[in-house]
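In mature numbering (1 follows the signal peptide of the UniProt record, and there is no 0), the protein residues as written are -21 to -1, 1 to 141.
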């Protein structure tokens, strides 16, 4: 059942924001100990599916997800951010979500922005280098990794779960 829901979500994503220009967002869904059951390549728009009873690949328009497409308990990404990759795993030690993004602000600006909003959303967080670590309101592990990409850009990764 979980596989069917995740697969349906992966296949619906390309229809949400079609764009053939530039790079898009790459998405992968992993299950059964890390086996990829579905993926979308942000550079080519190629979709691959490998589930019991069906295996194949096809091409759809590329998508580019941004700050408005992500919501974590009411907290969106830093304004103007674009989502580079989304990796979801359903089981095992790597279960959870890993989302990589690029923001039009320094690592300090992005960290401060998240720290204020996540605290109000019930997260228990603390600064950890340039990023944040802590737990969600459901007491699940949370990590925000940030690195500067020049003086006015930051690369970040949000990790929920293990």
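We treat Cβ as the ideally placed atom computed from N, Cα and C, and that holds for glycine.
Note that the structure is a prediction, hence the values are computed from the model and not measured.
Where the beta strand (DSSP E) containing residue i begins and where it ends
i: residue 95; result: Per DSSP, residue 95 belongs to no beta strand (DSSP E); it is in the alpha helix (DSSP H), 86 to 99.
i: residue 54; result: Counting along the chain, residue 54 falls outside any beta strand (DSSP E), and DSSP gives it neither H nor E.
i: residue 33; result: 33 to 38
i: residue 104; result: 103 to 107
Spatially closest choice to residue i from the options, by CA coordinates
i: residue 108; options: 124, 117, 68; result: 124
i: residue 46; options: 34, 65, 36, 20; result: 65
i: residue 100; options: 79, 89, 114, 18; result: 114
i: residue 135; options: 89, 28, 37; result: 89
i: residue 52; options: 43, 67, 91, 121; result: 121
DSSP-derived helix/strand/coil call for residue i
i: residue 4; result: coil
i: residue 47; result: helix
i: residue 115; result: coil
i: residue 83; result: coil
i: residue 20; result: coil
i: residue 129; result: coil
Whole-Å CB distance - residue i paired with residue j, under 8 angstroms assumed
i: residue 24; j: residue 39; result: 5 angstroms
Whole-angstrom distance between residue j and residue i, CA atom to CA atom
i: residue 98; j: residue 140; result: 18 angstroms
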